[in-house]
Amino acid sequence: MAADPLGQLESGLRELVRQARDAGLLGPFADLLRAQIEELASAASGDSTDTDGDGQDPVPQRFGMVGASPAMDKFFDVLAKVVHSDVPVLVLGETGTGKELVARALVREGPRAKGPFVAVNCAAVPPNLLESELFGHKRGSFTGAVADREGHFATAHGGTLFLDEIGDMPLPMQSKLLRALQEGEVRPVGSNRSRKVDVRVVAATHRDLLRESRAGTFREDLYYRLAVVTLALPPLRERTGDVGLLVRALVPRLAAELGRPAAVVSPEALALLDAWHWPGNVRELENELRRALALAPGAIGPADLSAHLRQPHSPSGAAGA
Numbered sequence: 003m004a005a006d007p008l009g010q011l012e013s014g015l016r017e018l019v020r021q022a023r024d025a026g027l028l029g030p031f032a033d034l035l036r037a038q039i040e041e042l043a044s045a046a047s048g049d050s051t052d053t054d055g056d057g058q059d060p061v062p063q064r065f066g067m068v069g070a071s072p073a074m075d076k077f078f079d080v081l082a083k084v085v086h087s088d089v090p091v092l093v094l095g096e097t098g099t100g101k102e103l104v105a106r107a108l109v110r111e112g113p114r115a116k117g118p119f120v121a122v123n124c125a126a127v128p129p130n131l132l133e134s135e136l137f138g139h140k141r142g143s144f145t146g147a148v149a150d151r152e153g154h155f156a157t158a159h160g161g162t163l164f165l166d167e168i169g170d171m172p173l174p175m176q177s178k179l180l181r182a183l184q185e186g187e188v189r190p191v192g193s194n195r196s197r198k199v200d201v202r203v204v205a206a207t208h209r210d211l212l213r214e215s216r217a218g219t220f221r222e223d224l225y226y227r228l229a230v231v232t233l234a235l236p237p238l239r240e241r242t243g244d245v246g247l248l249v250r251a252l253v254p255r256l257a258a259e260l261g262r263p264a265a266v267v268s269p270e271a272l273a274l275l276d277a278w279h280w281p282g283n284v285r286e287l288e289n290e291l292r293r294a295l296a297l298a299p300g301a302i303g304p305a306d307l308s309a310h311l312r313q314p315h316s317p318s319g320a321a322g323a
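Dropping the structure here:
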């Protein structure tokens with residue numbers, strides 16, 4: 003695979019500022035230099051520079067995420083303070099808000115940028131297989147274990163493990179995860195030997211883990227182990243003005259994905275999109291635009307949108323077509 007020159011420039015810039023910071027060379031200009039390097043690195047990675055080819059101003063982006071609303075500006079400011087650290091982070095947000103994008107930004111901008119990134123959806127793995135998925139197993143340790151297998155902790159050694167929907171992890175598995183984090187080692191299923199691992203964990207959930215820990219459905223000690231820093235993504239309904247920006251950013255990409263010309267979204271259709279409350283957040287918006295692009299013969303108008311969007315004042319409306 004060919005090297006990515008923009009990615010190399012970004013990594014080089016970030017490595018330079020880390021070395022200068024560690025050597026104490028930034029002095030009183032530390033904040034200014036960090037801000038300038040952040041701007042240059044953002045430009046190298048495409049942040050705040052992507053246009054949609056319609057002659058409008060660039061779509062505002064930071065850390066690979068579109069947004070210029072007060073809610074997202076506040077979120078970006080917090081993210082900027084922790085992105086260069088190596089501490090565990092818990093990302094909170096409703097389904098579809100883009101929690102994995104935050105995890106990828108923490109990796110791309112952080113000290114483990116050159117290490118592996120492994121993402122696991124804890125809710126998508128059957129409970130009886132989750133231990134094997136995370137820690138690995140030995141051949142013959144259970145029915146179907148026809149060969150030794152490394153788990154995701156071992157695969158992510160030296161890098162980052164993203165545990166999505168951590169709130170859906172069963173309590174017995176939470177205890178085993180806590181031990182792995184405390185000891186810095188994992189034991190494959192069916193093995194009597196542990197293996198040291200160096201992994202930065204980023205976890206995410208749509209649940210209120212602190213409330214669930216008080217109710218006894220999530221381990222409190224695991225919560226505090228994971229939530230050294232908490233980042234809360236705002237839902238799309240609280241991101242005033244961002245729907246239009248997301249439409250401008252998403253339509254060209256989705257049109258290319260479908261092999262169709264990028265369609266114009268009419269002002270009337272955009273007004274309906276902006277008025278909807280988006281219970282499924284950015285993922286729901288993306289799917290709605292994909293549907294409209296697949297069905298619309300040309301420009302996207304109100305008639306090309308799902309029926310519930312044409313009744314935006316019904317917050318309990320179904321998400322059907």
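Count along the sequence shown starting at 1, add 2, and that's the number in our numbering.
Ideal placement from N, C-alpha and C gives every residue a C-beta, glycine not left out.
Buried or exposed (CB count within 10 angstroms, at least 16 for buried), residue i
i: Gln38; result: At Gln38, the pLDDT of 49 sits below 50, so the modelled position is not reliable; the number obtained from the coordinates is stated separately. Gln38 is exposed by the Cβ-count criterion.
i: Phe144; result: exposed
i: Gln184; result: exposed
i: Leu297; result: exposed
i: Arg216; result: exposed
i: Arg141; result: exposed
i: Val85; result: buried
i: Ala182; result: buried
i: Gly98; result: buried
i: Leu260; result: exposed
Within 9 Å, strictly: CB atoms of residue i and residue j
i: Ser134; j: Ala147; result: yes
i: Val284; j: Gly100; result: yes
i: Leu81; j: Val61; result: no
i: Glu111; j: Phe65; result: yes
i: His159; j: Val199; result: yes
i: Leu224; j: Gln176; result: yes
i: Asp150; j: Pro190; result: yes
i: Gly246; j: Leu275; result: yes
i: Leu92; j: His208; result: no
i: Leu179; j: Thr219; result: no
i: Ser193; j: His139; result: yes
i: Gly69; j: Arg241; result: yes
Given residue i as reference, the closest of the options once Cα atoms are compared
i: Ala273; options: Asn130, Gly112, Ala298, Gln313; result: Gln313
i: Glu167; options: Ala82, Val61, Arg216, Ala206; result: Ala206
i: Ala294; options: Gly282, His279, Arg262; result: Arg262
i: Arg106; options: Pro281, Leu311, Val203; result: Val203
i: Val201; options: Ala264, Phe137, Pro254; result: Phe137
i: Ser308; options: Leu287, Gly218, Ala301, Gly300; result: Leu287
i: Ala301; options: Trp278, Val266, Trp280; result: Val266
i: Gly117; options: Pro190, Asp75, Thr162, Asp79; result: Thr162
i: Ala264; options: Leu275, Ala277, Val249, Ala271; result: Val249
i: Glu102; options: His86, Ala182, Met67; result: Met67
i: Asp306; options: Thr232, Ala271, Val85; result: Ala271
i: Leu252; options: Arg181, Asn289, Ala277; result: Asn289
i: Ala115; options: Arg181, Asp79, Gly186, Asp88; result: Asp88
i: Ser268; options: Pro90, Leu291, Pro237, Arg221; result: Leu291
i: Phe164; options: Arg181, Glu187, Phe119; result: Phe119
i: Ala73; options: Asp244, Asp59, Pro299, His279; result: Asp244
i: Glu152; options: Leu132, Pro281, Gly282; result: Leu132
i: Leu228; options: Pro237, Val188, Trp280, Gly169; result: Gly169
i: Asn123; options: Met171, Phe155, His279, Arg221; result: Met171
i: Ser83; options: Asp59, Thr232, Gly186; result: It should be pointed out that residue 83 corresponds to Lys in this sequence rather than to Ser. Checked all of Asp59, Thr232, Gly186; the closest Cα to Lys83 is Thr232.
Cβ-heavy atom distance, residue i to the ligand MN, below 8 Å
i: Arg292; result: This structure lacks the ligand MN, and indeed carries no ligand of any kind.
Return the chain-ordered ranges of every alpha helix (DSSP H) run that is complete within the segment 59 to 89 and spans a minimum of 4 residues.
For the segment 59 to 89, the full-length alpha helix (DSSP H) segments reaching 4 residues or more read 72 to 84 along the chain.
Going residue by residue through the segment 158 to 203, where are the continuous alpha helix (DSSP H) segments of at least 4 residues, counting only ones entirely within it?
Within the segment 158 to 203, the complete alpha helix (DSSP H) runs of at least 4 residues are 173 to 185.
Can you confirm whether the segment 298 to 314 touches the segment 117 to 131 when touching is taken to mean that 3 or more C-beta pairs between the two stretches lie within less than 8 Å?
Counting Cβ pairs under 8 Å, fewer than three are found: no touch.
Inspect the CB distances between the segment 208 to 224 and the segment 249 to 256 and report whether three or more fall short of 8 Å.
When Cβ pairs closer than 8 Å are counted between the two stretches, the segment 208 to 224 is seen not to touch the segment 249 to 256, the count staying below three.
Complete runs of the beta strand (DSSP E) confined to the segment 200 to 237 [at least 3 residues]
DSSP runs (the beta strand (DSSP E)) wholly in the segment 200 to 237: 202 to 207, 231 to 234.
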